[in-house]
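**Q** Take a look at the following structure, please.
Protein chains in written order, with our numbering: chain A, 1 to 116; chain B, 117 to 226.
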């Protein structure tokens with residue numbers, strides 16, 4: 001298994017500002033994912049962040065809006081840029097560990113973002 | 117990409133079996149079905165997964181139809197702590213990407 005922490009756990013931000021969310025894992029992992037969960041909705045994959053390569057973004061998500069860093073095998077950040085109220089969501093990171101069950105993803109607790 | 121459809125909500129009496137259905141009619145032959153649950157304010161938690169055969173673990177059983185177009189998650193003896201949103205997920209063939217369904221909000225009643 002993997003223990004994942006995210007910072008901040010929640011934040012309230014003003015329109016037009018940016019917020020960087022951190023994801024820390026207690027073991028080295030190759031694959032990390034960032035998801036968005038809008039209020040009352042399911043999870044939508046934003047991007048895959050693998051160490052040593054550029055993040056791969058899903059349709060509807062772009063690097064200018066959601067830049068991602070992956071400096072090492074235990075850490076990643078997601079920035080939500082130039083925020084608007086529509087960006088109010090829970091943002092979650094997840095990982096696949098080498099010893100996990102058939103590509104099971106372990107999820108962090110999420111960062112609850114409210115944009116005013 | 118395969119998509120899943122689930123009923124939005126279900127109730128189950130405590131101690132009874134909870135049967136949660138999922139349709140994935142466009143699933144391709146090598147795509148796995150995963151089930152996760154999300155308890156309020158937490159990240160999703162793995163329950164079980166399968167490809168073709170029925171699977172059972174300490175948490176649940178997964179029944180996949182022979183044509184693989186649908187599956188059912190069974191919680192054999194639901195408790196109040198099983199109240200959560202349950203997601204049926206297809207892992208995209210050749211990748212590690214999950215496509216989440218809309219989820220079923222299960223409420224276990226005392």
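By construction, the Cβ of each residue, glycine as well, lies at the ideal position given by its N, Cα and C atoms. Everything numeric in this text was worked out from a predicted model, so none of it was measured.
#1: State the start and end residues of the unbroken beta strand (DSSP E) segment that holds residue 120/B.
#2: Quick one: using the 10 Å Cβ neighbour count with 16 as the cut-off for buried, is residue 115/A buried or exposed?
#3: Evaluate contact between the segment 68–78 of chain A and the segment 1–13 of chain A, counting only Cβ atoms and requiring at least three cross-stretch pairs below 8 Å.
#4: If contact is defined by three or more beta carbon pairs under 8 Å, each pair taking one atom from either stretch, is the segment 40–57 of chain A in contact with the segment 134–148 of chain B?
#5: Which complete beta strand (DSSP E) runs does the segment 169–210 of chain B hold, if anything under 3 residues is left out?
#6: Whose CA, out of 16/A, 1/A, 92/A, 37/A, lies closest to the CA of residue 76/A?
#7: When you compare the CB of residue 75/A with every CB in chain B, is at least one pair closer than 8 Å?
#8: I'd like to confirm the pairing. Which residues does DSSP put opposite residue 96/A in its beta bridges?
#9: With three or more C-beta pairs closer than 8 Å as the rule, is the segment 191–203 of chain B touching the segment 128–135 of chain B?
#10: Cα separation between residue 170/B and residue 124/B?
#11: Looking at residue 80/A: is its Cβ nearer than 8 Å to the Cβ of residue 43/A?
#12: Do we get a CB-CB distance below 8 Å when we pair residue 221/B with the residues of chain A?
#13: What does DSSP give as the partner residues of residue 152/B in its beta bridges?
#14: Quick check on residue 202/B - is its C-beta less than 8 Å from some C-beta in chain A?
#15: Hey, how far is the Cα of residue 83/A from the Cα of residue 203/B?
#16: Whose Cβ in chain B lies nearer than 7 Å to the Cβ of residue 107/A?
#17: Between 107/A, 38/A, 108/A, 94/A, which has its C-alpha nearest residue 85/A's C-alpha?
**A** On the basis of the data shown:
#1: Careful: residue 120/B lies outside any beta strand (DSSP E) and carries neither H nor E.
#2: buried
#3: The segment 68–78 of chain A makes no contact with the segment 1–13 of chain A: fewer than 3 CB pairs, one atom from each, lie closer than 8 Å.
#4: no
#5: 177–180, 186–191, 200–207
#6: For the residues 16/A, 1/A, 92/A, 37/A, the minimum Cα distance to residue 76/A belongs to 92/A.
#7: no
#8: 31/A, 105/A
#9: Taking a cut-off of 8 Å on C-beta distances, the segment 128–135 of chain B touches the segment 191–203 of chain B, as three or more cross pairs fall below it.
#10: 24 Å
#11: no
#12: no
#13: 162/B, 203/B
#14: no
#15: 28 Å
#16: 159, 160
#17: 38/A
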